[in-house]
Amino acid sequence: MRRRSMLRSQAARIVCRFLTGLVLIAATTGPANAQGRGHPEGWGGGPLLGVPLRALSLTPDQQAQAMTLLSTARTTARPIVQQLHQAQNALADALLASPSADVSAQLTVINGLRSQLLQNRVQTMAQVLAILTPDQLAQAVQLKAQLSQLRPQMRQLLGPTPP
-19 MRRRSMLRSQ
-9 AARIVCRFLT
1 GLVLIAATTG
11 PANAQGRGHP
21 EGWGGGPLLG
31 VPLRALSLTP
41 DQQAQAMTLL
51 STARTTARPI
61 VQQLHQAQNA
71 LADALLASPS
81 ADVSAQLTVI
91 NGLRSQLLQN
101 RVQTMAQVLA
111 ILTPDQLAQA
121 VQLKAQLSQL
131 RPQMRQLLGP
141 TPP
């Protein structure tokens, strides 16, 4: 009877560690996947500035400059994203091999790569902002505020997001 109880306890710990590992993997891979493939408005097709660039009535010259900036940023980000995926896979492998493994080194690498991606994105946003006119900047601020006000209504209409 006691042995059966010990086996159940051990099995419960293994399952708990495994589930904890899966949660950690999901938490670390989500933001990287959110980067997406890159589109004219920003990574993953979402608005780079919180507002779609097409809504700002860019001149053809501004559109060309923005496309060049975004293309350069994607080119810079691509190897970092690949390294991030490799680091996340290494983390997953380490956790699956030994759920109690010390993964702090892998987490440090992953956080460093994410920081590089964020720095790249912020630099690109600053460069895109620099090509906008004061009127376009004001329009972007206004549109961002309007979109922020609509977000709760959209969530209410669409229902909760799946986990």
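At position 12 of the sequence shown (counting the first as 1) the number is -8 in my numbering, and the numbers step up by one without a gap.
Every residue gets a Cβ at the ideal spot worked out from N, C-alpha and C, and that includes glycine.
Expected contact under 8 angstroms - CB spacing of residue i and residue j to nearest Å
{"i": "Val108", "j": "Ala46", "result": "6 angstroms"}
{"i": "Thr104", "j": "Ala44", "result": "So it is not a contact: roughly 15 angstroms between Cβ atoms."}
Spatial neighbours of residue i in its chain, beta-carbon cut-off 7 angstroms, leaving aside the 5 residues before and after
{"i": "Gln86", "result": "Ala67, Ala70, Leu71, Ala74"}
{"i": "Gly10", "result": "Reliability fails at Gly10, whose pLDDT of 44 lies under 50, so the model's placement of it is uncertain and the value that follows must be treated cautiously. Counting only Cβ-Cβ distances below 7 angstroms, and skipping sequence neighbours, we find nothing."}
{"i": "Val83", "result": "Leu71, Ala74, Leu75"}
{"i": "Gln119", "result": "Leu36"}
{"i": "Leu38", "result": "Ala46"}
Beta-carbon proximity of residue i to residue j, cut-off 8 angstroms
{"i": "Ile60", "j": "Leu98", "result": "no"}
{"i": "Leu112", "j": "Leu36", "result": "yes"}
{"i": "Val31", "j": "Leu123", "result": "yes"}
Residue i CB to nearest heavy atom of the ligand MN below 7 angstroms
{"i": "Ala44", "result": "This structure lacks the ligand MN, and indeed carries no ligand of any kind."}
Neighbourhood of residue i by C-beta, 8 angstroms cutoff - its chain only, sequence neighbours within 5 removed
{"i": "Ile90", "result": "Thr8, Leu64, Ala67, Gln68, Leu71"}
{"i": "Gln96", "result": "Ile60"}
{"i": "Ala81", "result": "Ala74, Leu75"}
{"i": "Asn100", "result": "Ala53, Thr56, Ala57, Ile60"}
Own chain residues within Cβ distance below 6 angstroms of residue i, not counting five before or after
{"i": "Gln116", "result": "Leu36"}
{"i": "Leu127", "result": "none"}
{"i": "Gln42", "result": "Ile111"}
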